[in-house]
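Novice:
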Amino acid sequence: MRHAVLLAIGVGCFRLAHTYADGESAAARVNVEAVALIDKARNRQVPVVIYTDATQQLRGPRLAIISHGYGGKNTDYAFLANYLATHGYYVASIQHEIPGDAPLPKSGNPYETRKPSWERGVQNILFVIGELKRRRSDLDAANLVLIGHSHGGDTSMLFAHEYPDRVHTVISLDNRRMPFPRTKKPRLFSLRSNDQAADDGVIPSPEEQKEFGMRVVQLSGTKHDDMWDGGTVEQKDEIIRYIAEFLRES
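Everything in the sequence shown is counted per this note's numbering, starting at 243 for the first residue and increasing by one.
1) When burial is assigned at 16 or more other CB atoms within 10 Å of the CB, is Pro-495 buried or exposed?
2) What number of angstroms, rounded off, separates the C-alpha of His-391 from the C-alpha of Gln-337?
3) Cutting at 6 angstroms between CB atoms, please list the residues of its own chain near Lys-427, excluding the five before and the five after it.
4) Is it the case that the Cβ atoms of Ser-414 and Ser-432 are separated by a distance below 8 angstroms?
5) At a cut of 8 angstroms, does the stretch 349-363 reach the stretch 391-401 through at least three beta carbon pairs?
6) When you compare the stretch 471-481 with the stretch 450-458, are there three or more beta-carbon pairs, one atom per stretch, that lie closer than 8 angstroms?
7) Pull the bridge partners of Tyr-319 from the DSSP assignment, please.
8) What separation, rounded to the nearest whole angstrom, lies between the Cα atoms of Asp-437 and His-466?
9) Tell me whether Arg-419 is buried or exposed, calling it buried when 16 or more other Cβ atoms sit within 10 Å of its Cβ.
10) Would the C-beta of Gly-302 count as close to the ligand FMN, meaning under 7 angstroms from any of its heavy atoms?
11) Mapping the DSSP letters down to three states, classify Val-475 as helix, strand or coil.
12) Mind pulling the beta strand (DSSP E) runs of 3 or more residues that sit fully within the stretch 285-350?
13) Relative to the alpha-carbon of Asp-382, which residue among Asp-343, Phe-422 and Tyr-332 has its alpha-carbon at the smallest distance?
14) I need the DSSP call for Phe-488, collapsed to helix, strand or coil.
15) Whole angstroms is fine: what's the gap from Arg-424's alpha carbon to Thr-397's?
16) Among the candidates Ala-334, Gly-313 and Arg-301, whose CA atom is the shortest distance from the CA of Glu-373?
17) For the stretch 422-459, list the alpha helix (DSSP H) runs that are entirely contained and at least 4 residues long, ordered along the chain.
18) The alpha helix (DSSP H) with His-403 in it runs from where to where?
19) Assign Pro-289 to buried or exposed, taking buried as 16 or more other Cβ atoms, counted over all protein chains shown, within 10 Å of its Cβ.
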């Protein structure tokens, strides 16, 4: 059994200033709490930033977990976390890379050399789910939503392969290495950049997408490295609009 120590690092709140594409104002106050979970079984710290809507006291909020791209931070996707929090989700953004982790190899087959990092990310997600459930017993983790960018998208797809019964929806922002599972469960959605192609076999064919109820959308004006807080307001609004449409169908 895993045991954890929970260390509070900081709590803050801020206002979202603009309105997203669904026409609803995202100006509600969002609580942002940074915590360091310590997985004693792996002797590993797992930093998490939690986003919740301070104006709502929802029972049983649905859990959404965000996984950053390689070299990124768990605070780099606040535009997504803020939107989800103001729409009833309990959002946890995990820091998968911490000081002391070996860098990804620069040679060899990327699928083979990067898979251990994705596996570690999968274990981080499982650990965080368990700890958050202990922290908040009413949390709806049965309808888990995973969102990952690039390397974090590959991690999320690997989770879908290994634990399909533990995740309801996986949303990939341009993962390039880990193939989509060819299955109807979990529900799969991906936004693709206009400058980086996935490896062969990663993206399902149009026929497979139709067969398994997947959705893949090409973004004509967004590069791979634009899919984070550093993107333009227009790019982020487009990403939010597509994600909101897919989640409403879930």
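Where a beta carbon is used, it is the ideal one built from N, C-alpha and C, also for glycine.
If you're wondering where the values come from, they're calculated on a predicted model, not measured in any experiment.
Specialist: Looking at the atomic coordinates:
1) Nothing about residue 495 can be reported from this structure: the residues present for the chain run from 243 to 492 only.
2) 13 angstroms
3) Pro-406
4) yes
5) yes
6) no
7) Answer is none; Tyr-319 lacks a bridge partner.
8) 6 angstroms
9) buried
10) For the ligand FMN, the structure offers nothing, since it holds no ligand at all.
11) helix
12) 286-295, 304-309 and 331-336
13) Tyr-332
14) helix
15) 16 angstroms
16) Ala-334
17) 448-454
18) 393-404
19) buried
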